[in-house]
Amino acid sequence: MSTERLYYNDSHLIEFEARVVDLTDRVSGWTAVVLDRTAFYPTGGGQPSDTGTLNGSRVVECIDDGDNGVLHVVQGLAPARGATVRGRIDWSRRLDHMQQHTGQHILSQAFITLFNAPTRSFRVLEASCQIDIELHNPTTEIIERAVELANNVIWEDRAITILNVTPDQAAQLALRKEPAREGELRLIEIEGFDLTPCGGTHAYRTGEVGMIAARSWERAKGLTRIEFVAGIRALTDYRKANKSAREVAALFSTGRDDAPQYAAQMVEEHKEQNRRIRALEENAAGAEAEKLLTTASNGIITQTFDDRDAESLKKLAYALITSPGIVALLASRDKDTARLVFARSADASGDMNALMREACVLLDGRGGGRPDMAQGGGKNIEQLNAALTHALTLLNNDS
Ligand SMILES: [Zn+2]
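Sequence positions in the sequence shown follow this note's numbering and run 324 to 722.
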């Protein structure tokens, strides 16, 4: 049972009447309804399906079932076979899809006009669209040139018309892409710019697309994949990008367009500060080591700290073992984590790796390293002193 496709002739038809010619129960509460005519566009050609209502019941999706017609998947009360129903399309969704889809026709032709780069595939995603183009040397500048041409075509507000032609007639025409089907062809003509076979829904004039913006691009499987937004999506994306940029700018108490410069400056300052902190820490570790060395008993130093991270413990340990005959067993309560660093001078004895493994068992944690330097830690912070004492006992028993 074929369905007359009203959207072929009028992409702006929102309301229509039709007769129910077939019904199939899908799953419980969902029914596939076939009508003698429909304005609902079913999923296809990279364009998602329309949604809307049939006699007030929700149409959640439409599926193209070929010669069997268009299936309207209705949630809830379905109309009876033979009944006359009133269909209504969700216009904002249709307009959005037409803007993306028509925008794609224009952008694809812009890449052909400028770079002879054909489009291989197209998808309307949740918030943006993707096209894959045979563009071999993509740069942002090259892509922006195509986007600019596309926008000029949009703002020239050119007419978009539908031509129904025979295959013989089509063979005489310069089509942007080969027809995917046989028999009579439906061509979409953008006045003086693009001619391509397509069964989708399109704007009446290019101006309805509003504008096109490229969000990003990447190389993908030998093609260039471009993420773009058209019409309302371009505005939505602008608002989002503007909000992000203004929030970043507010952190620097500056204007939106000056924020990148301030951010770059801060990153540089941050790097410089880190370099200075590292140098100061080394100095401090040296001074601290000198003091700690006076507490060494038989060459062994044990010390527990609060709020020192592993990096800082290691710096101190390295400073300590520059002196000969030293074993340093250092511990820290670093917030919720117990940390240990064991180290020895080159001429001292003891296997720091083995000690660390034993000590970490008490901490419910793990650790290890080399015979002369090991680190570890665990969650059982209560056992930190016990772990340190255990390591000290093992060390004394060995020597
Ligand atoms: Zn199309």
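A virtual CB, placed ideally from N, CA and C, is assigned to each residue, including glycine. Note that the structure is a prediction, hence the values are computed from the model and not measured.
Contact under 8 Å by Cβ, residue i with residue j
i: residue 678; j: residue 714; result: yes
i: residue 671; j: residue 649; result: yes
i: residue 355; j: residue 395; result: yes
i: residue 647; j: residue 675; result: no
i: residue 365; j: residue 386; result: yes
i: residue 645; j: residue 708; result: no
i: residue 525; j: residue 483; result: yes
i: residue 377; j: residue 408; result: yes
i: residue 435; j: residue 481; result: no
i: residue 463; j: residue 416; result: no
i: residue 418; j: residue 438; result: no
i: residue 361; j: residue 456; result: no
i: residue 470; j: residue 429; result: no
Ligand 1 heavy atom lying under 7 Å from the CB of residue i
i: residue 511; result: yes
i: residue 523; result: yes
i: residue 335; result: no
i: residue 424; result: yes
i: residue 428; result: yes
Span separating the alpha-carbon of residue i from that of residue j
i: residue 504; j: residue 516; result: 23 Å
i: residue 594; j: residue 497; result: 58 Å
i: residue 335; j: residue 554; result: 16 Å
i: residue 487; j: residue 574; result: 58 Å
i: residue 327; j: residue 453; result: 30 Å
i: residue 603; j: residue 551; result: 49 Å
i: residue 359; j: residue 388; result: 14 Å
i: residue 433; j: residue 571; result: 35 Å
i: residue 533; j: residue 474; result: 8 Å
i: residue 468; j: residue 493; result: 30 Å
i: residue 422; j: residue 538; result: 16 Å
i: residue 579; j: residue 592; result: 21 Å
i: residue 705; j: residue 657; result: 12 Å
i: residue 655; j: residue 625; result: 11 Å
When the options are compared against residue i, the one with the closest alpha-carbon
i: residue 382; options: 616, 597, 589 and 363; result: 363
i: residue 369; options: 390, 426, 600 and 361; result: 426
i: residue 450; options: 610, 558 and 333; result: 558
i: residue 698; options: 712, 544, 662 and 704; result: 662
i: residue 472; options: 535, 686, 393 and 570; result: 535
i: residue 620; options: 545, 577, 718 and 538; result: 718
i: residue 443; options: 410, 544, 404 and 373; result: 544
i: residue 638; options: 530, 418, 673 and 666; result: 666
i: residue 608; options: 631, 586, 429 and 549; result: 631
i: residue 700; options: 716, 541, 683 and 392; result: 683
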